[in-house]
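I have placed the structure first, in the form of structure tokens, so that the comments after it can refer back to it.
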Amino acid sequence: RDLHSFPTRRSSDLLVYSRGTDLYIHTRGHAATVFDAYTLTPAESTVSNFYANVYKTINLANGVISYAGEDSQLGQEARFLRGYGYYLLTQHFGGVPYLTTYINSADNDYPRTPVNEIYTALIEDLTNLYNNSSLEAQNHSGRASKQAVAALLAKVYLAAGWDLDTTLGDAAQGTYNVGSTSNFTQAAAWAEKAINGISLTMSFADKWSPYNEGNAEEIFSVQYERNGYPGDESNGGHSMQNGFGGYYGNYQASGIKNVSSDDQQSQKSMYLFEKGDNRYEATYMMYMFAATKDDAGHANWGDEGYYAYYNTTKQDKLPYTRIYFPYYYTEADVNAFIEKNQNKLIADAQYANDNVIISLLTLPNVTKWTLAKGTTKFIKSTVDITTYNNQVDNGACVKKFDDPNTTYTDTNNDYRDIVLFHVSDMYLIAAEAYLMAGQTAQAIEKINAVRGRAGLPALASFSDYQPEYATSSNFTIKDIDLVLDERARELYAEGHRWMDLKRTKQLVRYNVEFSDYITTASQMTNNAGEYKWLRPIPTNEISANKGISDEDQNPGY
3 RDLHSFPTRR
13 SSDLLVYSRG
23 TDLYIHTRGH
33 AATVFDAYTL
43 TPAESTVSNF
53 YANVYKTINL
63 ANGVISYAGE
73 DSQLGQEARF
83 LRGYGYYLLT
93 QHFGGVPYLT
103 TYINSADNDY
113 PRTPVNEIYT
123 ALIEDLTNLY
133 NNSSLEAQNH
143 SGRASKQAVA
153 ALLAKVYLAA
163 GWDLDTTLGD
173 AAQGTYNVGS
183 TSNFTQAAAW
193 AEKAINGISL
203 TMSFADKWSP
213 YNEGNAEEIF
223 SVQYERNGYP
233 GDESNGGHSM
243 QNGFGGYYGN
253 YQASGIKNVS
263 SDDQQSQKSM
273 YLFEKGDNRY
283 EATYMMYMFA
293 ATKDDAGHAN
303 WGDEGYYAYY
313 NTTKQDKLPY
323 TRIYFPYYYT
333 EADVNAFIEK
343 NQNKLIADAQ
353 YANDNVIISL
363 LTLPNVTKWT
373 LAKGTTKFIK
383 STVDITTYNN
393 QVDNGACVKK
403 FDDPNTTYTD
413 TNNDYRDIVL
423 FHVSDMYLIA
433 AEAYLMAGQT
443 AQAIEKINAV
453 RGRAGLPALA
463 SFSDYQPEYA
473 TSSNFTIKDI
483 DLVLDERARE
493 LYAEGHRWMD
503 LKRTKQLVRY
513 NVEFSDYITT
523 ASQMTNNAGE
533 YKWLRPIPTN
543 EISANKGISD
553 EDQNPGY
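If you're matching positions, the sequence shown starts at 3 in the working numbering and goes up one per residue.
Next comes the structure, spelled out in structure tokens:
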């Protein structure tokens, strides 16, 4: 858990994990990245760094196994980390060199291992680890456990089922044929082992509360601790809380956390959560508090401003500065809120953000209420979504990763644990596996358990599902869309989306339908018409490894 190269979901990895999907856009003039536009090349440094960091983790794990022994406590934990590293590599690159010995020499001849052989080796090693290790049944402090091993096996079996036992039909339509259900059946069984009878009784808000880390739903996380950090605390954490949102002005002057205008809600995401889904308010910061200014003109931090949401019991005394209502609120709802909260809607020079803006996030136009300074009068206006997205204060930000103890800094001051595996993820892994195995009753049962915790009514069948977001006449809702939409709601911003769409063969279909940057399937191919289902093997890895040549490059590159 202390390996510095561990492949987490830090903001530097967001391009690899989240870009090029249906859920996120860039605002305020931020252009599409090569990941969004599918113009990625083997020379891209982000992919190269990701590839190298995962292998660094694998090699360090192999070193622990070599020196401590594979059946020692440390060796068993290292085998889990190695397995997770190879799971990530197969999902992004397909077949890669599969190495289980520690490299501490200049040897550089490592051919690619076919992905089916990697799956077989992973399943054998992880099954042995589950059945024969001395790992704890569960652990919530960042150490590998049998529950974590079961969760990883569920993901590996599910990926193997899609990669080995289904064949692609029409990429643009996301069609496929299932040849065998054995891997899917195993995926469901291992997901059930990871769930281990745990019911989703904890509220979604409590699950993601910064004061409830290490809770019963957590299976495995990368741990961060502010207290006792030996270096400069201001840059010793990560920056997950600084992604997934708009821009709210200079954080020192505004008292609102620094967010980058990247990975903001896409138009689909704006309408992804239906009315009554309590995950919306637990995922996004709907209400931002104002902060007073110090003598230097900086906003007071901590128990005022953005983080007052977590740090004070006197929220009823604090004025609001930004409010973001989702599409299912009406103008009457907003007017009623204004009438009820007049004493908390104050545009005064003593506050760092001396104006109040309320946004009703609808399409194609956003309705805004702006409080005139020095008055109690709100001025209502409408602005088209494109213009709105190019303004400051352009939408709600994700709060899942907020650290209430953040000090004045723009990045790397987030010491929240990064949760990689958790129980509701396993419910949805099980649902997907059951669906692919033809066991639709079990699949809908797992989906309804997730929806029930969110406050939504149960679905009698997959065909009952009708999303709120708009689709074209070319896009027909399928059974797999319900699974993917529930994963989008439950796991929003957690770094699963690209792997989910790639795994289920919906990557092209979803980008063509929902992406702001892709309009035709051909944009996701090379000149030879090969689809870019995988990331490219980095150029510098090919040149440094005698066992791989340009002929081994993935299709599309």
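For every residue, glycine included, the Cβ atom is placed at its ideal position computed from N, Cα and C.
Here the structure is a predicted model, which means the values were calculated and not measured.
DSSP places Ser383 in the uninterrupted beta strand (DSSP E) bounded by 380 to 386. Scanning the segment 31 to 86 for uninterrupted beta strand (DSSP E) segments of 3 residues or longer gives nothing; none is fully contained. The beta-carbon separation of Tyr104 and Gly65, rounded to 4 angstroms, stays under the 8 angstroms limit for a contact. The alpha-carbon separation between Gly144 and Asp111 amounts to approximately 34 angstroms. Under DSSP, Trp371 forms a beta bridge with Ile360, Lys382. For the 9 angstroms CB-CB criterion, Pro540 and Tyr53 form a contact. If you check the CB distance, Val400 and Gln393 do not come in under 9 angstroms. Around the Cβ of Leu62, a 10 Å sphere holds 16 or more other Cβ atoms; the residue is buried.
Of the residues Phe291, Met290, Met272, the one whose Cα lies closest to the Cα of Tyr282 is Met272. Per the DSSP secondary-structure output, Met242 pairs with nothing in a beta bridge.
Rounded to whole angstroms, the separation of the alpha carbons of Ala153 and Pro321 is 44 angstroms.
With fewer than three CB-CB distances shorter than 8 angstroms, the segment 420 to 427 does not count as touching the segment 244 to 263. For Glu470, the three-state secondary structure derived from DSSP is coil. With fewer than 16 other CB atoms across the displayed protein chains lying within 10 angstroms of its CB, Ala443 is exposed. Around Phe275, the same chain offers Arg281, Tyr282, Pro328, Arg491 as residues with beta carbons nearer than 7 angstroms, after the five sequence neighbours per side are excluded. In the DSSP assignment, Tyr322 falls within the unbroken beta strand (DSSP E) covering 322 to 327. The alpha-carbon separation between Asn391 and Leu25 amounts to approximately 15 angstroms. Closest option to Gln508, judged by alpha-carbon separation, among Gln267, Ala495, Leu493, Leu536: Leu536. If one requires a minimum length of 3 residues, the beta strand (DSSP E) runs lying completely within the segment 151 to 235 are 168 to 170, 178 to 180, 220 to 224, in chain order. The alpha carbon of Thr102 has as its nearest neighbour, out of Gly85, Leu91, Pro116, Ala108, the alpha carbon of Gly85. When only Cα atoms are considered, Val224 and Asn513 end up about 31 angstroms apart. In the assembly as shown, Ile381 is an exposed residue. Its beta-carbon has fewer than 16 other beta-carbons within 10 Å. Residue range 16 to 19 is occupied by the alpha helix (DSSP H) that includes Val18.
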